[in-house]
Amino acid sequence: NRLQVGNDLLEAKYFVVATGLKPVPLDIPGAALAITSDMFLELDSLPRRVLFIGGGYISFEFAHVTAAAGAETTIVHRDSRPLAGFDADLVNMLVDDMKDAAMRIELNTQAQAIDRIDGSLRLRALEKGQTRTFDADLIVHGAGRVPEIDELSLESAGVVFEKRGVTVNEYLQSTSNPSVYAAGDAAASGNPPLTPVAGFEGEVVAENLLHGNIRPADAGAVPTVAFSVPPIASVGLLENDERARGLSFRTHFEQTQDWYASRRIGERRSGFKVLIEKETERVLGAHLLGHNAEEIINMFALAIRSGIRAPDLKEAIFAYPTHASNIKYML
């Protein structure tokens with residue numbers, strides 16, 4: 007087993023692919039005029055008009071930064087559903103809140119080309135068959151990321167891979183070359199491409215390399231957060247999830263901007279949606295929008311992972327006044 011690295015030839019019993027993600031190629035004319043999220047973080051100053059291509063984590067989080075700093079901020083997204091991994095009702099509330107904060111969210115609008123016009127940039131896009139133009143001083147590529155494996159020549163080692171990364175078994179071992187493992191964003195493990203999951207999978211690979219394939223990479227219910235303002239968080243099943251359709255569950259959904267926890271900080275919009283299985287009273291999924299959602303979602307993740315029933319969670323006494331003390335009213 008050998009690996010060519012520049013002029014060096016490395017030999018090992020096993021190799022681990024853990025190369026992470028890179029921005030998906032923005033396959034439009036003028037794509038080089040847009041900057042990546044990494045380049046955005048290195049800016050010395052912020053232009054007056056900033057446009058983000060894509061409606062995922064990067065665009066939504068950075069849009070709040072630019073808007074708070076006073077820049078005219080626009081997000082252009084190709085379909086009707088931004089932040090696809092989060093609850094649709096809560097995402098709609100967040101979008102409305104962003105619009106109230108003078109951010110433009112242009113949905114069903116497909117980027118076509120970027121041009122330089124008189125020292126500024128212009129995005130040409132297509133909406134319902136009609137061409138639209140958006141002028142900006144800075145355009146940020148936030149249209150997603152893909153595993154950074156295309157330059158590894160994996161096929162020469164007989165390593166099968168797919169769009170989501172190296173094809174692996176439950177132990178994160180390549181299904182086509184047993185000498186190769188993969189972890190994190192470079193592995194098509196079925197786990198979400200998140201930083202804590204990458205760390206978890208790294209531990210799994212290390213243990214399986216040292217002791218044989220003894221630990222499967224089952225991450226369970228993993229919470230995820232988009233750090234917008236307010237933050238939006240999710241764990242477990244979505245209401246329209248294919249897996250949820252075969253289950254009998256009830257949905258608790260409410261807007262909570264009138265609750266004391268939101269009113270005392272002047273929060274314009276907040277809410278929750280919790281899915282509870284009728285027969286067992288298990289929490290199947292929890293989705294939050296509002297201040298401290300990034301912390302409260304971990305309580306629900308623990309409940310889902312540990313099988314804590316909704317009535318038991320509801321009876322727990324939490325410190326007051328805290329956002330966690332409102333969990334009982336969500337169940």
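Going letter by letter, the sequence shown gives residues 7 to 337 in the numbering used here.
Cβ coordinates follow ideal geometry from the N, Cα and C atoms, glycine included.
From the DSSP output, read off the bridge partner residues of residue i.
i: glutamate 133; result: Gln136
i: tyrosine 187; result: Val22 and Gln179
i: valine 280; result: His258 and Ala292
i: isoleucine 34; result: Note: isoleucine 34 sits in no beta bridge, so no partner.
i: threonine 201; result: DSSP output for threonine 201 lists no bridge partner at all.
i: serine 240; result: Thr230 and His293
i: histidine 147; result: Ile59
i: alanine 69; result: None, per the DSSP bridge assignment.
i: phenylalanine 206; result: BP columns for phenylalanine 206 are empty, so no partner.
i: glutamine 10; result: Leu15
i: arginine 54; result: In DSSP, arginine 54 forms no bridge with anything.
i: glutamate 78; result: Arg55
i: lysine 28; result: Val152
i: valine 172; result: Phe167 and Ala193
i: aspartate 141; result: Arg128
i: isoleucine 41; result: Val146
i: arginine 315; result: Arg288
In angstroms, rounded to a whole number, what distance separates the CA positions of residue i and residue j?
i: alanine 142; j: aspartate 44; result: 19 Å
i: leucine 89; j: alanine 108; result: 19 Å
i: proline 29; j: alanine 307; result: 29 Å
i: serine 312; j: leucine 243; result: 15 Å
i: isoleucine 81; j: leucine 15; result: 46 Å
i: leucine 200; j: arginine 315; result: 27 Å
i: threonine 139; j: serine 276; result: 33 Å
i: proline 222; j: aspartate 50; result: 45 Å
i: tyrosine 61; j: alanine 149; result: The sequence shown places glycine at residue 61, not tyrosine. If I take the Cα positions, the gap works out to 7 Å.
i: threonine 115; j: serine 65; result: 15 Å
i: asparagine 214; j: asparagine 175; result: 12 Å
i: glutamine 136; j: alanine 117; result: 12 Å
i: leucine 319; j: arginine 251; result: 24 Å
i: asparagine 338; j: valine 22; result: Outside the shown range of the chain, which is 7 to 337, sits residue 338, and nothing can be said about it.
i: valine 71; j: glutamate 154; result: 27 Å
i: arginine 128; j: leucine 39; result: 10 Å
i: histidine 288; j: methionine 336; result: Residue 288 is actually arginine in this sequence, not histidine. C-alpha separation (whole angstroms): 14 Å.
i: serine 86; j: serine 234; result: 19 Å
i: glutamate 209; j: leucine 9; result: 23 Å
i: arginine 212; j: asparagine 7; result: One point to set straight first is that residue 212 is alanine, not arginine, in the sequence displayed. Taking the straight line from one Cα to the other gives about 18 Å.
i: alanine 225; j: proline 198; result: 9 Å
i: alanine 227; j: asparagine 219; result: 22 Å
i: tyrosine 266; j: glycine 296; result: 12 Å
i: threonine 79; j: arginine 110; result: 6 Å
i: histidine 37; j: valine 97; result: It should be pointed out that residue 37 corresponds to alanine in this sequence rather than to histidine. If you take the alpha carbons of alanine 37 and valine 97, they lie about 28 Å apart.
i: glycine 205; j: leucine 158; result: 22 Å
i: alanine 188; j: glycine 12; result: 21 Å
i: lysine 334; j: glutamate 321; result: 7 Å
i: serine 195; j: tyrosine 177; result: 9 Å
i: arginine 249; j: alanine 131; result: 35 Å
i: threonine 42; j: glutamate 300; result: 25 Å
i: lysine 169; j: glycine 26; result: 13 Å
i: valine 56; j: alanine 18; result: 48 Å
i: isoleucine 271; j: serine 331; result: 16 Å
i: glutamine 179; j: valine 186; result: 6 Å
Just mark residue i as buried or exposed, buried being the case when its beta carbon has 16 or more other beta carbons within 10 Å.
i: proline 31; result: exposed
i: arginine 84; result: buried
i: alanine 74; result: exposed
i: phenylalanine 348; result: Residue numbering for the chain in the displayed model covers 7 to 337; residue 348 lies beyond these limits and cannot be assessed.
i: aspartate 106; result: exposed
i: glycine 171; result: buried
i: arginine 395; result: A question about residue 395 goes unanswered here, because the residues of the chain that appear run from 7 up to 337.
i: proline 317; result: exposed
i: tyrosine 63; result: buried
i: glutamate 207; result: buried
i: glycine 190; result: buried
i: valine 146; result: buried
i: serine 162; result: exposed
i: proline 184; result: exposed
i: leucine 216; result: exposed
i: aspartate 103; result: buried
i: isoleucine 123; result: exposed
i: alanine 77; result: buried
i: proline 327; result: exposed
i: threonine 257; result: exposed
Please look up how many angstroms separate the CB atoms of residue i and residue j, rounded, as I've assumed it's under 8 Å.
i: glutamate 273; j: glutamine 261; result: Not really, about 11 Å apart at Cβ, beyond 8 Å.
i: alanine 232; j: glutamate 67; result: 6 Å
i: alanine 119; j: isoleucine 34; result: 5 Å
i: lysine 279; j: phenylalanine 255; result: 11 Å between Cβ atoms; not a contact.
i: isoleucine 302; j: leucine 294; result: 6 Å
i: isoleucine 238; j: leucine 100; result: 6 Å
i: alanine 5; j: alanine 24; result: Nothing can be reported for residue 5: it is not among the residues displayed for the chain, which extend from 7 to 337.
i: serine 182; j: valine 203; result: About 23 Å separates the two Cβ atoms, so there is no contact after all.
i: glutamate 245; j: aspartate 93; result: 7 Å
Is any heavy atom in the ligand SAH found nearer than 7 Å to the beta carbon of residue i?
i: phenylalanine 255; result: Ligands are entirely absent from the displayed structure, and the ligand SAH is therefore not among its contents.
Completely contained alpha helix (DSSP H) runs for the region 99-135, where each covers 4 or more residues: none
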